[in-house]
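Below is one structure, written out as structure tokens; comments come after it.
Number of protein chains: 2
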Amino acid sequence: MRLPPLQERFVMHFGEMGARWGVSRTVGQIYALLFVSDRPLCADDIVEALGFSRSNVSMGLKELQSWKLVRLRHLPDDRRDHFTTPEDIWEIVRTLAEQRKAREIDPTLTMLRELAMETPADPSEAHAQARMRETAEIIELLTDWYDEVKDVETERLKQLLALGAAIQKVIEMKDKIALFPKRGAAADAKDGAETKPAKRRER
Amino acid sequence: MRLPPLQERFVMHFGEMGARWGVSRTVGQIYALLFVSDRPLCADDIVEALGFSRSNVSMGLKELQSWKLVRLRHLPDDRRDHFTTPEDIWEIVRTLAEQRKAREIDPTLTMLRELAMETPADPSEAHAQARMRETAEIIELLTDWYDEVKDVETERLKQLLALGAAIQKVIEMKDKIALFPKRGAAADAKDGAETKPAKRRER
DNA sequence: TATAAATTTCAGAAATTATTGAAACTCATG
DNA sequence: CATGAGTTTCAATAATTTCTGAAATTTATA
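Chains A and B supply the protein sequences, listed in that same order.
With the first letter of the first sequence counted as 1, position 191 gets the number 191 in my numbering; the numbers rise by one all the way through.
All you need for my numbering is the position in the second sequence, starting with 1, plus 203.
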């Protein structure tokens with residue numbers, strides 16, 4: 001590996017981390033390298049920098065493309081594919097969240113819903129099925145939240161994050177204000193959850 | 204494997220998923236089995252149900268204990284250790300979040316902070332270092348948010364989740380209300396982020 | 001404290017996953 | 001439409017991880 005020291009440490013760390021995230025060490029390192037690079041890199045650049053075989057790099061790039069984590073670019077007077085990561089790191093965060101949801105959460109939820117529907121032949125399965133239903137409900141709550149929040153624009157998102165748990169105070173305030181109701185219905189001042197527009201349940 | 208059909212499918216699925224989550228298939232299956240079981244199970248029960256070797260089950264249980272995902276119990280008139288998962292699934296969600304943060308995020312943040320502090324010998328590292336700094340900032344924003352929200356009690360948390368992106372409306376409302384300021388400072392009605400108590404930065 | 005049940009350790013075997021190099025393929029260009 | 005740079009595929013091999021069984025250790029109780 002022929003790489004300046006800071007970059008090398010970064011790349012090494014993400015190699016190890018990648019392994020915990022369902023990609024191989026190689027793929028993690030390739031991504032880390034692209035992420036810190038100040039220009040698009042082609043496969044040969046990566047071979048040069050990390051010392052993997054050409055074919056390994058090719059497969060790694062293919063996998064990163066399947067994760068939508070890298071972008072293909074073409075430089076003038078160079079036929080080779082070059083790769084970059086988005087300039088905007090928030091975009092990367094969003095892509096990661098989206099992909100992990102699609103690969104881990106969604107299939108699990110599908111399975112749980114299937115199992116929740118069935119009528120077990122063996123009555124001893126009742127408890128297990130109840131737990132599966134409960135799990136599905138919680139996952140639905142979390143993914144519904146995610147689906148709502150994921151499209152909030154970055155600046156707004158930062159505001160929400162900065163508020164953190166203090167959001168509770170704001171909700172309490174809103175509840176008090178609801179004592180002067182806008183529309184006909186007399187709001188329940190104790191429970192802030194009612195204001196949600198209407199539960200989505202397609203997916 | 205001697206297990207009724209719904210449980211078997213559930214256990215199999217979580218075995219595969221576990222593999223994507225940094226635990227082995229075996230560990231995933233053991234956890235899934237404990238999760239749906241209506242009583243505490245001992246190692247022999249697990250061997251019986253899943254057909255792994257006794258020692259494999261022992262190591263799996265040890266790993267689950269290191270994740271704090273299972274609880275040790277003792278039944279009357281039985282010397283064997285028995286294991287359960289928490290009744291309250293939200294508690295499991297919290298433990299998972301806590302553990303994954305500790306194993307994946309915290310070490311990464313430490314490394315990024317270290318690298319961000321150093322003065323690169325090679326000036327070509329400037330861009331890489333800038334990206335690392337930016338990454339550290341975003342991770343800090345997210346983990347600070349998490350640290351604030353993680354202790355919110357479950358019912359409150361459900362309310363927050365149910366609000367979802369609609370929270371923006373509440374913030375806008377709060378901003379308007381801030382036009383009648385409580386204390387001296389005249390609030391900026393455009394930017395809701397200022398109300399945060401003060402940035403924690405210990406960890 | 002002896003003993004027997006329960007659990008853990010650990011080195012090797014088995015299974016899985018990652019990596020490579022050679023060959024096949026693609027496709028813009030002369 | 002032939003060439004060759006660039007890319008991908010794939011079977012083989014290397015590396016890693018997981019799993020096992022036998023032996024060692026721990027622990028409750030007699």
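Cβ atoms here follow ideal geometry from the backbone N, Cα and C, with glycine treated the same way.
To which residues of the same chain is Ala222(B) closer than 8 Å at the C-beta, ignoring the five residues directly before and after it? Arg228, Gly231
Report, in whole angstroms, the separation of the C-beta atoms of Leu364(B) and Leu160(A), which I expect to be a contact under 8 Å. Their Cβ separation, rounded to whole angstroms, is 13 Å, which puts Leu364(B) and Leu160(A) out of contact at 8 Å.
Since His74(A) meets chain B, which of its residues come closer than 7 Å, beta carbon to beta carbon? Residues of chain B passing the Cβ test: none, with the nearest at roughly 22 Å.
Any C-beta of chain A under 8 Å from that of Lys304(B): no
Got a sec: is the Cβ-Cβ distance from Asp241(B) to anything in chain A below 8 Å? yes
Asp391(B): buried (16+ other C-beta within 10 angstroms of its C-beta) or exposed? The predicted position of Asp391(B) is uncertain, since its pLDDT is 43 and thus under 50; a value taken from the coordinates is nonetheless stated next. Looking at its Cβ environment, which holds fewer than 16 other Cβ atoms inside 10 Å, Asp391(B) is exposed.
Exposed or buried, Thr338(B), counting other C-beta atoms within 10 Å across all chains shown (16 or more means buried)? buried
Could you give the DSSP three-state label for Phe255(B): helix, strand or coil? Here DSSP, grouped into helix, strand and coil, assigns Phe255(B) to coil.
Does Thr85(A) come out as helix, strand or coil in the three-state DSSP assignment? coil
Could you pull the start and end residues of the alpha helix (DSSP H) that Leu163(A) belongs to? 154-163
Terminal residues of the beta strand (DSSP E) in which Arg276(B) lies: 274-277
Report yes or no: do the segment 368-377 of chain B and the segment 146-158 of chain A share at least 3 C-beta pairs separated by less than 8 Å? These segments touch.
Does the segment 212-226 of chain B come within contact of the segment 115-133 of chain A, defined as at least 3 CB pairs closer than 8 Å? yes
Thinking C-beta only, is Pro323(B) closer than 8 Å to Leu6(A)? Taking a C-beta distance under 8 Å as the contact criterion, Leu6(A) and Pro323(B) qualify as a contact pair.
Might you give, ordered along the chain, the residues of its own chain that have their beta carbon closer than 8 Å to the beta carbon of Leu366(B), omitting 5 neighbours on each side? Val373
Relative to the C-alpha of Lys158(A), which candidate in Val93(A), Lys62(A), Arg73(A) has its C-alpha closest? Val93(A)
On the criterion of 16 or more Cβ atoms from any shown chain inside 10 Å, does Glu290(B) qualify as buried, or is it exposed? exposed
Along the segment 97-127 of chain A, where does the CB come closer than 7 Å to a CB of chain B? Name the residues. Result list: Glu104, Thr108, Met111, Leu115, Glu118, Pro120, Asp122, Ser124, Glu125, His127.
Comparing the C-beta of His82(A) with each C-beta of chain B, is any distance below 8 Å? no
Is Ala244(B) helix, strand or coil by DSSP? One detail in the question is off: residue 244(B) reads as Leu in this sequence, not Ala. Correct three-state label for Leu244(B): strand.
Would you report the Cα separation of Arg406(B) and Asp77(A), rounded to the nearest angstrom? The pLDDT assigned to Arg406(B) is 36, lower than 50, so where the model puts this residue is not dependable, and the model offers no usable value.
Taking the alpha helix (DSSP H) that Ile342(B) belongs to, which residues open and close that run? 329-352
Please compile the residues from chain B whose C-beta is within a distance smaller than 7 Å of the C-beta of Ile89(A). Glu337, Thr338, Ile341
Compare the Cα-Cα distances from Glu155(A) to each of Ile89(A), Ile46(A), Asp44(A), Leu34(A) and report the closest residue. Ile89(A)
Is the shortest distance between the beta-carbon of Met17(A) and the beta-carbons of chain B less than 8 Å? yes
Given a threshold of 16 other Cβ atoms within 10 Å of its Cβ, counted over all protein chains shown, does Gly60(A) qualify as buried or as exposed? buried
Between Val57(A), Gln99(A), Ser53(A), Glu98(A), which has its C-alpha nearest Leu34(A)'s C-alpha? Val57(A)
Any beta-carbon of chain A closer than 8 Å to the one on Gly254(B)? no
Using a Cβ cut-off of 8 Å (strictly closer), state whether Leu34(A) contacts chain B. no
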